[in-house]
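Visitor:
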Amino acid sequence: MDRQQEYVLRTVEERDIRFVRLWFTDVLGMLKSVSVTSSELEGAFTEGIGFDGSAVDGFARVQESDMLAVPDASTFQVLPWRGENAGVGRMFCDILTPQGEPFAADPRHVLRRNLARAGDMGFSFYVHPEMEFFLFKGPDDPTPLDNGGYFDQTPMDVQQDFRREAIQTLEAMGISVEYSHHEVAPSQHEIDLRYADALTMADNLMTYRLVVKEVAIARGIYATFMPKPLAEHWGSAMHTHVSLFDGDTNAFFNPNDPSHLSETAKQFMAGVLAHAREITAVCCQWVNSYKRLVPGFEAPVFVSWGRHNRSSLLRIPMYKPNKPASTRIEFRAPDPACNPYLTFAVVLAAGLRGIEKDYQLPPEAEDNIYEMTDSERRAAGIGSLPRNLDEALSEMEESELVAEALGEHVFEFFLRNKRVEWDEYRSQVTPFEVAKYLPTL
Amino acid sequence: MPVDPAAAAGVTSNPDRAEAALRRLVERNPQTMDRLGEEGIARLAVVAAVSGPLVDGVARHDRMAAVLTGSLEERPAGRVADDCRSALTGAENPAAVLAVEQRAGLLHIALRDLLGIASTPQIAVELADLAQGILAAATEHVTAHTGGRLAVVAMGKLGGRELNYVSDVDVIFVGSDDEWSASTRAAERFMRLMATVTPAGRAYEVDANLRPEGKDGSLVRSIQAYRSYYQRWAKTWEFQALLKARPLAGDAQLGSSFAELIEPFVWPDRLHEQAVEEIQQLKGVVESSAPVRRAGPRQVKLAPGGLRDIEFAVQLLQLVHGRHDRSLRSPNTLEALDALASGGYVGYADAADFRHAYVFLRTVEHRLQLANLRRTHTLPHGDDERRRLARTVAAHLPEPRAEGEHADLLQRFDTELARVQGEVRRLHEKLFYRPLLERFAQLSSAEQLPVGADEERGLAADAAQERLTALGFARPQVALGHLDALAGGVSRRARLFRTALPAMLPTLASAPDPDEGLAALRSLADSTKESPQLLRALRDHPPVADMLARVLGSSRVVGRWLERQPEVLALLVDDQGLQRRRNADDYLRLADGLRRRRQVGNEEGAALRRMRRREAARIAFRDLAGLADVIDVATELSGLAQACLQAALDSVVPDGVTMAVIGMGKLGGSELGYASDLDVLLVAEPGDALAAAEQAAERFLELLSAITPEGQAFRVDLNLRPEGKQGPLVRTLSSYRNYYERWGETWELQALTQARHVAGDRALGRSFVATMADLVYPPSPPAKRLTDIRTMKARVERERAGDRPQRTGPRRRMAPTGRLGGTPEGSPPRRRTRIDLKLGPGGMADVEWTVQLLQLRHGGRRPAVRRPGALAGAAACVDAGVLSSQDGQWLQNGWRLLAAVRNMRYLTGTHDTHVLPSNPREMERLARMLGYPRPGGQALAEEVARAMRRVRKVHERCFYDAATP
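Next up, the structure:
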């Protein structure tokens, strides 16, 4: 029993918490939850809670289905929306095999394994995602609640209250919020979390998605992280700012470089660019994700980087004088419906590969890439991101990097699961087709 | 009085050094020297030869100079405390007073040490008593100011009364609930006092971090607070640390309440799981070289075979047995070792050896630390410095054995150190395993002794079971029964096992299945009672004992082979023979010997079958002992098969008939596994002797394939021959050519890619292969042939997919908690439940088909690719440029891994050798057999999955994709 666990047990006792929810995440990024009573908690720490792994997507073959969920005491929080008396707590779990070995297909472990590789190279990995989402009337009614735009101060309404309460709830759960604002599309919002190490951040994002949904439900509205719910408006992105730290120093910062980027940062960027097509399936894992990655909405379409260019896949945010610690790279492909553990894992793996193999960073794309012709882009060596899930999966399938980063078990499950999704989608007849073809053909 | 430093120094261990120190003192401090007198200077010289800082201290502090002229009686802690008390009275700087008292105490003890008045263990006790006295005085001093009750409890080496010259002292504080804040103030003041740096340095570095919650925990706790902490929060290592706890100073009542409190925590009814784990790892720990052991054997504390190993082992034994035997609970290492010996938990002789080793290493450590009063455990690198050290421990070195032997002191020192460390490195075997066997020695001699014999000795049965559990045996009672059967009694065999088993048991305990391994050993011993091989092998060849333990602990199958075929054990004693890979010629020579002794045809080929079984056992033994890799195994099995075919053929072919055996399939490729059949074709000349040849072929099959009490030699399979079961067993070369030319189907031609002459007439065999090559490898193969092969493979896969086991019954599914997408209902894609290493996607068949297709496509124009065997074929394709080198590597690495897994599966006795186990325990076992570190089940699964994914990728690209060049 370590001090963290001790602290949890004491808190549970003192605050009269009757139930603790043990959370973990399946391969597709869905939050799973098992409730234990406070009296079972000590046993959960020492022995774990057994469950049938075969019932969780991507976890196990049938015969090896007995898994153990062991709560990570450092993630303990009281759920603020469950009322004051007889509170409910939650912790994230690590999944172990019955032999007590970390389970290879646990997304948390996948990320840990990649973080450990970074650690071997002397780096810790920090991320700062900008999560966007829409508020609608209901899950089957995507009517926007306003007609606002970027940074708009809409009149006092349900949405403002919503943002305030969501932020308060997050803060109450120990998750620091950087800022929030109305986004470009109607009814679209962004709440940014303060940067943290990747594992903590992935845990936080799982909490974030639940909190946003819970708060919305409480106000009779519906929050969605669907990447592109409205064809004619901007989609929801999860622009992810990343940096590597070597101890207390930002390994991406170099004061003598014109863009203040170190060699490490450039190699990291080169790695992400070189493997961008392979990791897209993980960062943008749904059929709908690719409806977002189209020209016209400042979403990345091409594999390029730039300092000011918001259509780039990688962007270098403006350097603020005397803030070397905030030097970072913004990776703009992921959407908020990804599995954050796996997404951070593959981005990190791609970047580390660039450092290990000393990749050369291609020249910056200065112009607006959308205005270039195909030939101009080809001449400049700018490729495009996969245009749909099918293409992304084919890219991923060929990637040893992704197989290694995710582990064979997750890699195989992910591809197989997503192929099924694609095949299912392929057999649909869409309203677009009916509207376009039925009258004329 | 005139001082003669040279004379005084001359009689010490390091005259030069002593003289220099004395001269320095004469120059700077003549008055001190005058006061010392002859006796004092002689004492000073002895110290000066070893320790510089102590001499400097004498120059600076009269209190220390006084030691040189004072009594050399032992000073118990009480005396030390009294002296400190009077020195502290009215002192302005109490910290400085204590520091000087401590240096004076050190000097006093060093004199007793160097003059040989007290032994090394006694010195360690006195060093602890010195610390106790000083800390007691310090405690009184602070509580006099603050009030409040406070007990100081010693931990670590101070607790065990085995302190070093230079060492931290570990303490924890017990306060009383009533005067809480006073107790805390006292402890804080105590820590401040001890931490104050004075011109004389500090008395001790006091470390209170072993307290609950370490640095962050509160400095003082009440008995009640300790109790609730230990009941709820403490970790196993904290209890282990408490083994050394001893009330030292301050409030005696609180101290003894604390001692009472911790007893049930240190000695629980059930052994802490972590202790069990540590014991199991001890062998590895002792043998491995962690970074901390970088200094190598010069590190007397942490190096393999160092002090730490002894202390740790003794402590673990205390934890195992001390729960039920109070006599074992001393916090002092040597006392505990003695108690373990007299309780029969450790052999007397072994205990004496370890006592000697411990004392020797501690002496070296003491001298090392005295030199500069620094906390060091590392011997100097330079010869001169080490020689100086050697002189100071000369009394502890064994005398040179022979008069004439050149007895360089340094050499003797280095030799003794290496000997002692070597001895200690075997402590796992000696302290943990040997007593299990000595128990039986005692039993048997007790039977012969009159009643009332010494019954105290020997590990009692329940203690032995306790020990076996701790060592990793799941069924200790059964294991003990096996040990009893092996080593109990007065027979020669029992005596021999009592010697051999201590070395074998650690290996067995770390094998994939210790219990089964021990059972196999017993069963082997029982079944080979009549033949002396096993005992001889164990007696004369200790490495064989170790290997045998490894093999038996891994594979029940090989255990049974050895039982039936004890003569294999005779092969094992020949180290050279076991190391070396045998080739086909070696086996042919063996078979030839049989033939010359006319043994092949006799008794339905019994001799041949015995040879085959014996050699297969040898190969498996090499495999499991890590002496042969998967290629070696395949090559040896193939060579063995060839020799058997040759021997059988020789005994059946009549005069006037020339016959050759063509190897096909895995035999053709020299890639046999343990369970492979031998696919062959038989070719004979001349045509008019075919009837005789056919008869000979029948006898040939009978000889090899007959199932007898001794099993089969090989399953020989002739079904690849033209017309299959309907066809004649033998044909002439021209008949084969005519058949294949006119009727040869694609699959038959594909099979011929593996054709290789393996036995019988060489010329005939070679011309068969050459003739067939023209048919198999036309300059450009018809497109239909390639399409046929692809279609055939696709059909195989389809059939394979058809027999995938269906799920039965409803299954629980967890509903998604969020509504963010999810798996489409109704079609949950699941991982295949069965992973088929041979026919599954990416299996060995994918490698073989890919290579064969490439060979058929390109063999016409590039004869170099015509190589039987998946590995050789893939390599040849890479060399010829028809397969990329990465693809070639993926195919070869994949095939090798899958073949190795399949071989190990066979050796575990399963029939499903081609299926990867889905039971995690089985996976773990397989991983251990393949040499993965524990836990390795998931790592193995990952590597197999990666290998198969890559093979599949190459297969799809190079086999199915017609556009690939």
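For the protein sequence lines, the chains are A and B, in the order given. Just add 505 to the spot in the first sequence (first one is 1) and you have this note's numbering. Just add 1 to the spot in the second sequence (first one is 1) and you have this note's numbering. No residue lacks a Cβ here, since even glycine has one placed at the ideal position from N, Cα and C.
#1: Using DSSP bridges, identify the partner residues of residue 758 of chain A.
#2: Hey, is the segment 660-677 of chain B in contact with the segment 625-643 of chain B, meaning 3+ C-beta pairs nearer than 8 angstroms?
#3: What is the DSSP secondary structure of residue 969 of chain A, reduced to helix, strand or coil?
#4: Out of curiosity, what's the CA-to-CA distance linking residue 161 of chain B and residue 343 of chain B?
#5: Can you name, in chain order, every residue of its own chain whose Cβ lies under 8 angstroms from the Cβ of residue 517 of chain A, other than the five neighbours on each side?
#6: Report the CB separation of residue 66 of chain B from residue 33 of chain B in whole angstroms; it is logged as a contact under 8 angstroms.
#7: Straight-line CA distance for residue 819 of chain B to residue 535 of chain A?
#8: Cβ atoms of residue 116 of chain B and residue 55 of chain B: under 8 angstroms apart, would you say?
#9: Report the neighbours of residue 912 of chain A on chain B: residues whose CB is nearer than 7 angstroms to its CB, in chain order.
#10: Consider the Cβ of residue 634 of chain A: report whether some Cβ of chain B lies at a distance smaller than 8 angstroms.
#11: Can you give the Cα-Cα distance for residue 258 of chain B and residue 84 of chain B, rounded to whole angstroms?
#12: If residue 826 of chain A sits next to residue 637 of chain A, beta carbons under 8 angstroms apart, how far is it from one beta carbon to the other, in whole angstroms?
#13: Between which residues of its own chain and residue 701 of chain A is the CB-CB distance below 6 angstroms, once the five residues before and five after are set aside?
#14: For residue 619 of chain A, collect the residues of the same chain with a Cβ closer than 7 angstroms to its Cβ; drop the 5 residues on either side in sequence, then sort them by chain order.
#15: Tell me which residue opens and which closes the alpha helix (DSSP H) that residue 494 of chain B is part of.
#16: Quick one: residues in its chain with C-beta nearer than 6 angstroms to the C-beta of residue 43 of chain B, no 5 flanking neighbours on either side, listed in chain order?
#17: Using a C-beta cutoff of 8 angstroms, does residue 265 of chain B count as contacting chain A?
#18: What does DSSP give as the partner residue(s) for residue 599 of chain A in the beta ladder?
#19: What residue range does the alpha helix (DSSP H) around residue 693 of chain A cover?
#20: Please state whether the Cβ-Cβ distance between residue 138 of chain B and residue 175 of chain B is less than 8 angstroms.
#21: Kindly indicate which residue of B:221, B:39, B:119 has the alpha-carbon position closest to the one of residue 209 of chain B.
#22: Could you tell me whether the Cβ of residue 723 of chain A comes closer than 8 angstroms to any Cβ of chain B?
#23: Step through the CB atoms of chain A and report whether any lies within less than 8 angstroms of the CB of residue 939 of chain B.
#24: Name the DSSP bridge partner or partners of residue 664 of chain B?
#25: Buried or exposed for residue 594 of chain B, going by 16 or more other Cβ atoms inside 10 Å?
#26: Between which two residues does the alpha helix (DSSP H) harbouring residue 877 of chain A extend?
#27: Hey, quick one: how far does the alpha helix (DSSP H) through residue 559 of chain B stretch, first residue to last?
#28: Residue 960 of chain B to residue 549 of chain B, Cα distance in whole Å?
#29: Could you say which of B:79, B:771, B:558 lies nearest to residue 737 of chain B if we only look at CA atoms?
#30: Whether or not the segment 75-84 of chain B and the segment 123-143 of chain B are in contact is what I'm after, with contact meaning three or more pairs of Cβ atoms, one per stretch, closer than 8 angstroms; do they touch?
#31: I'd like to know whether the C-beta of residue 811 of chain B is nearer than 8 angstroms to at least one C-beta of chain A.
#32: At a cut of 8 angstroms, does the segment 93-101 of chain B reach the segment 192-205 of chain B through at least three beta carbon pairs?
#33: Inspect the CB distances between the segment 655-667 of chain B and the segment 757-772 of chain B and report whether three or more fall short of 8 angstroms.
#34: Would you list the one or two residues that DSSP bridges to residue 582 of chain A?
#35: Hey, out of B:928, B:94, B:666, B:535, whose CA is closest to residue 555 of chain B's CA?
#36: Run through the DSSP bridge pairs and tell me what residue 156 of chain B is partnered with.
Guide: So, to answer that:
#1: A:766
#2: yes
#3: Summary: the structure shown does not reach residue 969 of chain A, with chain A confined to residues 506 through 946, and so no result is reported for it.
#4: 20 angstroms
#5: 525, 543, 546, 594
#6: 6 angstroms
#7: Only weak support is given to the placement of residue 819 of chain B: the predicted model assigns it a pLDDT of 34, under 50, and the value that follows is read from those uncertain coordinates. In a straight line, the C-alpha of residue 819 of chain B is about 7 angstroms away from that of residue 535 of chain A.
#8: no
#9: 943
#10: no
#11: 28 angstroms
#12: In fact, because the Cβ distance is near 29 angstroms, the residues do not count as touching under 8 angstroms.
#13: none
#14: 850, 853, 854, 910
#15: 493-510
#16: 9
#17: no
#18: A:575
#19: Looking at the DSSP string, residue 693 of chain A is not in any alpha helix (DSSP H); the run it does join, the beta strand (DSSP E), is 693-698.
#20: no
#21: B:221
#22: no
#23: yes
#24: B:681, B:757
#25: exposed
#26: Taken as a continuous stretch (DSSP letters only), residue 877 of chain A belongs to no alpha helix (DSSP H), as it is neither H nor E.
#27: 557-565
#28: 44 angstroms
#29: B:771
#30: yes
#31: Summary for residue 811 of chain B: the model assigns pLDDT 44, below 50, so the residue's position carries little reliability, and this model does not support an answer.
#32: yes
#33: yes
#34: A:595
#35: B:928
#36: B:171
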